[in-house]
Structure formats: structure tokens, C-alpha cells
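If you're matching them up, the sequences are chains A and B in order.
The numbers in the working numbering rise by one with no breaks, and the one at position 297 of the first sequence is 333.
The numbers in the working numbering rise by one with no breaks, and the one at position 11 of the second sequence is 12.
Note that beta-carbon positions come from the ideal geometry of N, C-alpha and C, so glycine has one too.
Computed from a prediction, not measured in an experiment: that's the story for all the values here.
Quick notes on the structure that follows.
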Amino acid sequence: MTLLAIEQLNVWFDLDGGRQLHAVRGVDLSLDAGERVGLVGESGCGKSTTVLAVMGLLPPNASVSGRILLDGKDLLEQGERSMVPHRWRDVAMVFQGAMNALNPVRTVGDQIREPIELHGIATGERAQARVGELLELVGIPATAGARYPHEFSGGMRQRASIAMALACKPKVLLADEPTTALDVMVQAQILQLLMSLSDELGLTLLLVTHDLPVVAQTCGRAAVMYAGQIVESGPIDELFHDPRHPYTRLLFAATPDLVGTDEVVSIPGAPPPLDRPIQGCPFQPRCPAAFDRCLQEDPALRPVSAFHRAACHLNEVAAGMGRGVR
Amino acid sequence: MKRGDYVVKRVVFALITIFVAITLNFFLFRVLPGSAVTNIARVPHASPQLIHSLEREFGLDKPKWEQYLLYLDNLAHGNLGISFADQQPVSQHIRQDLANTIPMLSLGTVVAILMGLVSGVVAAWRRGGLGDYASSGVALFLYSFPTQWLGLMLLIFFAGLLPAGGMSNPFAFNQTYVQHLEDLLRHMILPSLTVALTLYGGYTLIVRSAMLETLGEDYVLTARAKGLSNWAVIRRHALRNAMLPTVTLIALGLGSIVGGFILVEVVFSWPGIGQAAYEAVVQRDYPMLQAVFLVLTISVVLFNLLADLLYLKLDPRVSE
């Protein structure tokens, strides 16, 4: 059953001089209850903007269109007002590890307790007890709640952020680069924690990252974003073994493997600037397989198998010839 | 504990600073050209004998180091010397002047801090909006006005409506305590307002920029994501962090306002320490001027110490 559905989401940012940056361009994404989905792409592709739009946390110079349905209710209907009651109660968020997401002048416990009391989950001693439970749930001793964020290591701070996100038993957890800036060991622990928590609590997880292997380890399904659009989405196995968009294929190729036999490839060029109209396929200037149609026409996201969709003209050409793109 | 160490370190540092200031204060006046008796000696018929006896009376014939030790010894006993102007103990003057200055300046400063906080926060929250332009514009305007000009303008517009100078009505007799207080407050309005307006601009700009910085921090985004109302985000998360740089700047400013408002006191004939400093300069009243300087340096050091201690209270990271 679909719990969170993003439909035709567009986000524009007003820039100085009357220009507009079209950061998210018609994104469709849906999450079933209890599912773990990855949202992958390089920096500036609009993945964080998408997540912030779901929380209603975009800066004032942003304008949004489309629908964001939580349990069938549109969160965008009345702007920020329709989102506010759902923040943290239904949809909570874990911010980037490197980010200063905890207030340095207040104790960690205090900050976890804040939403518990704000949303009327518990008060007084019961709230304090809940803080202790949450900390232990993420593997931090309950007594550490009395300490300040600067007394925590990076990994502990991220665990505390996760505990804070779970404070009101949300249905959906949005994790924006939760493991970036953590070392590999800690990264693995945090991912393990997120996975076990989502299994235990039946939490729906949207994992936003630029790190494909992280998604491959954690999620059942993933969507790949490029230049504000979703260019391919599907079950992680199919994406990995049978990518149908050249960008996805190159992303996998750009990931170093442990054995080090294959040479690491980088994708030449840079994504197109989003403050002017894009002619044709946005990936075309960097695409090794681009042909004349790619210059003219932006490919739509079309099904290539039951659950797998991709936005590439090559798939139609291939379908016409009866074989896949390779 | 670490926090205890921090307090001890700060206090010791403040004491050393005060001692150095006292020493500099002594020598500063001794290296100036001319001595206290130059002016007196300028009167016609001043014989060398008179000059010499005056020098002896003030202890100016002794070597400098001996004068310095004497000065320290006297200071330790609270003896700031005898005013050259009226032969009264300087410490008495200073005490009275401070008692006159402090209420007037405090009223102005407290008003400025409160107004500056409110308008700085509003300007930062409504960044780029009408409220921001209005409040920052007014603040910049007031910040750049010379104090004495602002005082004179207020004097021109409000004299008559409000008392134009002094601390009390010299023609009022047999006042009750309440009447006296009311009279004092009425006299305080214009000088305090001048102080408040002068400081207000600076405080607004400081608070605004500190708030803008914290509002861009990630924990503010987290706080909003938690569902806190705008006001709660400001009060519980942004303001306290914005207060860190603000407290330092305000405390630094407070140290200097004790002496910095010579102009206000002169414009409004307020018999405070600023006025006393001005008169002491005109009269070459060294002991008085020395005492005024001493009070000013000590107040700067003490307010700095206060800022350090407040910081300890506000920021848990300080003792590390």
C-alpha cells in the first residue's frame, strides 16, 4: 500500500535578477509502507530539494507545484500550514552526518525530548524515560542524554539524530546523506542501525545519497536522479544488473570495487545548468550513446519491465529491434 | 573541574590587566609635558619659592619611582589623592559622579539592549522584507549620528517639554521622596534617550547579523523539521546561539560607555563622571583625571570578565 506519494513535483528557486532555477522537474516517486527506497544522484541533482519539499522546509525563495500525498492526503494543498501538523509526527528526518544538526548549546537529551513534549507524546518523567529508551534503541547509554553534542563522536551524534527522528514514532523517515562524512566503519554501523530499525518498527525509509553501494546494501528499490528529474527507477537488482539509462550504468562503473580489477571510470562533463531551459535529453552532452533524437526530444520515463522504468530513447530503439541497451 | 579552572584563569587575568592599567595610568600622566603646577605658576608674581613649595606639597619633587610606590600605597587604601581644583578628596568626587552617571547610563543601555534585541531579531527573521529595511535603515541612521548632535537635536525639540539639563530642579524645595524621584526621572529622560538611541543602532545591527548567522545553521532547520513554531525556533534554538557573539560585543561596549558618554553629560550638564573627566582636563586636575581613567579601565576589564563568565553560562563548549 502506498504510504507516501510524490506526484509531478516541481521546485523553482527565484534567483537574483529575476532568473529562476528549476531544481526539481516533475518528480514522481512513491513509497509503500515499510519499504526502503534509495534516491541517488550527484550533488545538485535535486535530491535534497525533493526531500526538503516533502518536509515543507524549502527556503522562502522556492515555489513548489505538484502533489505530495501522505496516506492520500495532500501536504502541499495549503502550503506550509498543511504540512506542519505532520512534521516529525508522521514524517521525520535525519540530516547529513557532517551537518550541525544538533544545537551545540543544548544537551542531546533535551533535544530529543523537545518533539516528544511538543507533539504531546509524553511529558515530565515519562518523556525523560522515553528519551532514555530511544537512546538505548540506537545504542547509546541512556545517561549520555545529559551530555552536549560536542562531547559526542560523529557516529554517536548521528545515532542521536536518529533517536531524535524516532521520538514521535513517525511512519516515514527521510534520511538525507545520513552517512556522509562518517568513516567507513561508522558508516556501516549507521546503515545497519537504520536497516534494523526500519525492520523492527516497520518504518518506511527514503534514503538520499550520492553513494550507490550504500543504496544497494540498504534498499529494495531505488530512483536515480539527474538534473532535477528521475531518469531511472526500479528494484535494486534490476538497476544493478540491467541498467537501462546510460547515466545509471556510468554511475555503477564510477564506483570503485574492492578487488580493484576494473578501472574506475569517471563521467566526463557536468550536469546542465538548471536556470535556463534544457533542449532535448539533459544527459545528452555527457552521454556516450547520444544520437540525433536526444538533441531534439527529452525522453519520458517509460516502463522497461514490470517495476523498472527509464527515461532513455535508446530503450525504444532497442525495443524496436528486440534487444536491450548494452 | 575545568569550569572552575576557567573562572580562576579569567579572574587572575582580569586582576593582572587592572594592575598593568594602574601602572600605565600613573606613568601616562607623568610623561605629559607640563606639570600640575605649570598653570598655577603662570599667575603673575609666582616666585620660584612658591612653585617649589607647591611641588613639594603635591609630592612632585620626589623621584618618579617613589611617587609610583606612594601612588600604589594610597590606592590600596582607597586614597585617590586631593583634587587640584578644589582641594577635596578625589574619591568622594568619583563616588558622587558614579552615583549620578550609573542610573542614567543604565536606563539608556537597558532600553537600547531590549529595543536592539527585538528589532534585530525581527529584521533577521524578515530578512529582505519591509520590516528588515525599516529597522536596519533606522539602526544604520542612528548608529552613524554623532552622539552630541543627536543630543542637541533632542534638546532643541524637547527642551521646555522636558528639563534641558542638570539632575534636579534647583527651585524645588521640601520635596517628598517620590517627588524627588519623579523630578530625577524627568531630568533623566533626554540624556538616557540620547544614550539609548546611540547604542540602539549598533545593537540592532549586531543582533541582526548574529541572528542571520544562526538562522542559517542546520540545527535551526532541524528545529523547524521537528514541527516547532517560528517563535519557538527563535526562542529555543536561534536566539541563544545568536546571543554568544552579541553578549561579547555588548559587554565590550558597556565597559566603554561609562566613559564614552562625556559628550552626552556635557550636552545635558549631567554631573556625572564624563562631565568630571571633561572638567578635569580643562583644569589640569591630574588626581581627578587619573581617578576617572582608573574607573574607566577597571570598568572595561570588569565588563570583559563579566562577558567571559556569561559565555561560560551560555556556551557549554567554552571550558574545553
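Minimum Cα-Cα distance from A/F343 among the listed residues A/D311, A/D278 and A/E333 corresponds to A/D278. Of all C-beta pairs linking the region 236-250 of chain B to the region 145-162 of chain B, fewer than three are shorter than 8 Å, placing the two stretches out of contact.
In the DSSP assignment, A/S269 is bridged to A/A259 and A/R345. Contact between B/M189 and B/L81 is absent: CB atoms are separated by about 27 Å, not below the 8 Å threshold. Per DSSP, reduced to three states, the secondary structure at A/R125 is coil, with no helix or strand assignment. Here the C-alpha atom of A/Q332 lies approximately 14 Å from the C-alpha atom of A/A347. Under the 9 Å criterion on CB atoms, B/R241 is classed as interfacial with respect to chain A. Taking 9 Å as the CB threshold, A/L93 lines the interface with chain B. Counted as a single uninterrupted DSSP element, the beta strand (DSSP E) harbouring A/T38 occupies residues T38 to D50. Using a Cβ distance threshold of 9 Å, A/R149 and A/Q132 do not count as a contacting pair. The beta-carbon distance between B/A226 and A/R123, rounded to whole angstroms, is 6 Å. This is short enough to meet the 8 Å contact definition. If you compare the alpha carbons of A/A325, A/Y184, A/P121 and A/R61 with that of A/V267, the shortest gap goes to A/R61. For B/S84 against B/D286, the beta-carbon gap comes to about 6 Å, under 8 Å, which counts as contact. Annotation: A/R103 is outside any alpha helix (DSSP H); the continuous beta strand (DSSP E) that includes it extends over A98 to L106. In this structure, A/V76 is the residue among A/V76, A/R183 and A/Q320 with its C-alpha nearest to the C-alpha of A/A258. Within the region 225-236 of chain B, the residues whose Cβ lies closer than 7 Å to any Cβ of chain A are, in chain order, R225, A226, K227, G228 and L229.
A Cβ-Cβ separation of about 7 Å places B/G228 in contact with A/R125 under the 8 Å criterion. Two segments are said to touch when three or more pairs of C-beta atoms, one from each, lie closer than 8 Å; by this definition the region 165-181 of chain A does not touch the region 85-92 of chain A. For A/L218, no beta strand (DSSP E) segment is defined, and its DSSP state is neither H nor E. Residue range K65 to A77 is occupied by the alpha helix (DSSP H) that includes B/D74. In this structure, the alpha-carbon of A/A263 lies about 33 Å from that of A/A199. The DSSP-derived three-state label of B/S169 is coil.
In the DSSP assignment, A/T240 is bridged to A/V208. For A/L57, the enclosing beta strand (DSSP E) has its first and last residue at Q56 to D68. In this structure, DSSP gives A/G92 a state outside helix and strand, which the three-state scheme calls coil. Straight-line measurement puts the Cα of B/V8 at about 37 Å from the Cα of B/W271. Between the C-alpha atoms of A/R142 and B/L313 there is a straight-line separation of about 13 Å. Going by DSSP, B/G275 is part of the alpha helix (DSSP H) stretching over I274 to Q284. Within the region 207-223 of chain B, E218, D219, Y220, L222 and T223 place their CB atoms closer than 8 Å to a CB of chain A, listed in sequence order.
With a cutoff of 9 Å on beta-carbon distance, B/L306 and B/A124 are scored as not near each other.
DSSP places A/T85 in the helix class (H, G or I) of the three-state scheme.
Per DSSP, the beta-bridge partners of A/D110 are A/L105. Secondary structure at B/R241: helix, using DSSP grouped into helix, strand and coil.
A/F131 belongs to the set of residues whose beta carbon lies under 9 Å from a beta carbon in chain B. Per DSSP, the beta-bridge partners of B/I83 are B/P90.
When the five nearest sequence neighbours on each side are left out, no beta carbon in the same chain lies closer than 6 Å to the beta carbon of A/D247.
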